[in-house]
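In the UniProt record's numbering, the protein residues as written are 1 to 158.
What follows is a single structure, written as structure tokens, with notes after it.
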Amino acid sequence: MRSQFDLTPFRRSTVGFDRLFDFLETAGRGEQGDNYPPFDIEKLGDDSYRITLAVAGFKAGEIDVTARQNLLIVTGRKGDMRKEGNFLHMGIATRAFERRFELADFVRVERADLADGLLSIELVREIPEAMKPRKIAINGGENTLIEADDRARQTEDA
């Protein structure tokens, strides 16, 4: 059982973490007890991931993959729910579903493939050049002062 925490004091003392606090507050309310369809999340490399969902019985046209900012939504709806035949047991799930995945900043969906009842969604994290770490050259304090003094003298002499 999860207890609800009051994150208000943290919200007041931080800037730009609203999405994180919203995620923490809604984490316990989301998909309690509903684990359909089952899925795997795999890290393929430093900046690439794969989500694989078991969607046996669904065709490509019955599954919708929608990528929004920081959110991936996978929904499945069967066209015709009626099955013909004299079934003694029906264990293959064909109910509608919706799975939501929170994505980190700069993660985009590259492609989705459906094969053998498994939906594979490839994700790539692409950090913009402006956000990547870069080395900053440190200018020596003495040289900078000498150069500035030399420039000042050259200006006075002219």
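Ideal Cβ positions, reconstructed from N, Cα and C, are used throughout, including at glycine.
- For the set G117, D64, D116 and G140, the Cα lying nearest the Cα of R100 is the one of D64.
- Residue burial is scored here from C-beta neighbours: F10 has fewer than 16 other C-beta atoms within 10 angstroms and is therefore classed as exposed.
- In the three-state scheme derived from DSSP, where H, G and I count as helix and E and B as strand, L24 is classed as helix.
- Ranked by how close their Cα comes to the Cα of R50, the residues L72, K135, D18 and G140 have L72 in first place.
- According to the DSSP assignment, E42 belongs to the beta strand (DSSP E) that extends over F39 to G45.
- Pairing G79 with E62, the inter-Cα distance amounts to about 7 Å.
- From the listed residues T66, G91 and E129, the smallest Cα separation to L103 is found for T66.
- Between G117 and A60 the beta-carbon gap is near 12 Å, outside 8 Å, which marks them as no contact.
- When beta bridges are read from the DSSP output, Y49 appears opposite K43 and L123.
- A straight-line Cα-Cα distance of about 6 Å links D47 and V124.
- In the structure shown, G61 adopts helical secondary structure according to DSSP, grouped into three states.
- With contacts defined by Cβ atoms closer than 8 Å, E98 and T75 form a contacting pair.
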